[in-house]
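What follows is a short report on a single structure.
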Amino acid sequence: MTFAAKVIQFNHSLVRPVGLPGGIKTMNPFENKDVQEIVNQFYSKYYNDDNPRILILGINPGRLGGGTTGIPFTDPIRLAQECEIPNSMPQRPELSSLFIYDMIKAFGGLQQFYSQYYFNSICPLGFTKDGKNLNYYDIPDLQKALIPYIEENIRAQIALGVSIKTCYCLGEGKNFKFFEKLNAEHNFFKQVIPLPHPRFIMQYKLKKKEEFVDSYLTALQVAK
Numbered sequence: 012m013t014f015a016a017k018v019i020q021f022n023h024s025l026v027r028p029v030g031l032p033g034g035i036k037t038m039n040p041f042e043n044k045d046v047q048e049i050v051n052q053f054y055s056k057y058y059n060d061d062n063p064r065i066l067i068l069g070i071n072p073g074r075l076g077g078g079t080t081g082i083p084f085t086d087p088i089r090l091a092q093e094c095e096i097p098n099s100m101p102q103r104p105e106l107s108s109l110f111i112y113d114m115i116k117a118f119g120g121l122q123q124f125y126s127q128y129y130f131n132s133i134c135p136l137g138f139t140k141d142g143k144n145l146n147y148y149d150i151p152d153l154q155k156a157l158i159p160y161i162e163e164n165i166r167a168q169i170a171l172g173v174s175i176k177t178c179y180c181l182g183e184g185k186n187f188k189f190f191e192k193l194n195a196e197h198n199f200f201k202q203v204i205p206l207p208h209p210r211f212i213m214q215y216k217l218k219k220k221e222e223f224v225d226s227y228l229t230a231l232q233v234a235k
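In our numbering, each residue carries its 1-based index in the sequence shown increased by 11.
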C-alpha cells in the first residue's frame, strides 16, 4: 500500500472516543462524504508513494482547520489556493494554517515538503465545548479519559510508515510536556523535538513570523 492509501484508511477508521466528560463534543470530519473525497484527493496528490515520512504532531484538530477539512493544519482557503483542491466549505481562515503554509513555501513548496513530512495530531480528532475549540489537555478529566485513545492512535500513525528516530511536537508547553512523558513510558520515538505552536506565533509573535519560519526550517533538518 502507498503512504496515501494507509493514511486514507487510518482516517476512515477513526471513531469518536467514548467516556468523555459531559458537555464535550468530538469533531470527526471523516464521517462526511465530501470530506472523504477531499482527503482522498489531497493524500493521493502528495503522498502517492511508499516513501517514509517524518511525523509532526499538533495538539488536536481545530474547528476551522483540520476539524473541517480533515487535513491537519489546512483550512478551506489553503486547501483551495495552495493545494489547488476546490471545495465548497466556508472559506474561513485559520491562524495555524496561515503559518504552516508560509513555512511550507519557504521550505520549497508543497511537493517537496509533503514528500518528507506528515502532519497529524497527538489526538487525531478535535473537540469543542460551548461551540469553542477545546484542547485535549484543557480539562484534566478529558486528558485522562483520552490517554488510551491517544496511545492507540500514536501506534496506528507509526504503522503508516513514519520514522521512529525523530518526531516533532507543535507546542512547547502543555502539549510537549504531556507527549514527552507519554513517549518516555512507551518509547514511541527516540527523540521528540518541540516547536512553538503556529497559533501562538500568529497570535502573539506575528512581527517575528519570518524568524519563526527560519527556526522551523532549521529544526526540521535535524531529522534528516
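Glycine included, each C-beta is placed from N, C-alpha and C at the ideal position.
Query	Result
Counting only runs that start and end within the stretch 18-53, where is the beta strand (DSSP E) found for 3 or more residues in a row?	35-38
Distance cutoff 8 Å, beta carbons only. Does PRO40 sit that close to anything in chain D?	Among the chains in the structure shown there is no chain D, since it carries only a single protein chain.
On a CA-only basis, which of TYR128, ALA195, GLU221, ALA170 is nearest GLN232? Give me that one, please.	TYR128
Rounding to the nearest angstrom, what Cα-Cα distance links VAL173 and CYS180 in this structure?	14 Å
Hey, LYS17 and LEU171 are a contact pair by Cβ (cut 8 Å); roughly how many whole angstroms apart?	5 Å
Using the rule of at least 16 other Cβ atoms within 10 Å of the residue's Cβ for burial, across every protein chain shown, is ALA195 buried or exposed?	exposed
Classify ASN198 as buried or exposed, calling it buried when 16 or more other Cβ atoms lie within 10 Å of its own Cβ.	exposed
Based on the DSSP output, what are the partners of GLY137 in its beta bridges?	MET38
Can you pull the DSSP bridge partners for THR177?	GLN202
Is the CB-CB distance between PHE187 and PRO207 below 8 Å?	no
Can you tell me whether DSSP reads LYS216 as helix, strand or coil?	coil
When we look at the beta-carbon of LEU157 and count the other beta-carbons within 10 Å, is it buried (16 or more) or exposed?	buried
Going by other Cβ atoms of all chains shown within 10 Å of its Cβ, with 16 needed for buried, is SER99 buried or exposed?	exposed
So, using beta-carbon positions, are ILE212 and PHE110 closer together than 8 Å?	yes
THR80: buried (16+ other C-beta within 10 angstroms of its C-beta) or exposed?	buried
Grab me the residues of GLN154's own chain with a C-beta within less than 6 Å of its C-beta, minus the 5 sequence neighbours each way, in chain order.	TYR147, TYR148
What is the DSSP secondary structure of LYS235, counted as helix, strand or coil?	coil
Write down the C-beta distance between LEU193 and ASN131 rounded to the nearest angstrom, noting that I regard them as a contact closer than 8 Å.	About 15 Å separates the two Cβ atoms, so there is no contact after all.
If we call anything under 8 Å between Cβ atoms a contact, is LEU25 one with LEU145?	no
Secondary structure at PHE130, three-state DSSP: helix, strand or coil?	strand
Is ASN144 helix, strand or coil when you go by DSSP?	strand
So PRO205 and GLU183 are supposed to be a Cβ contact under 8 Å. How far apart are they, rounded?	4 Å
To the nearest angstrom, how far is it from the Cα of GLN168 to the Cα of THR13?	14 Å
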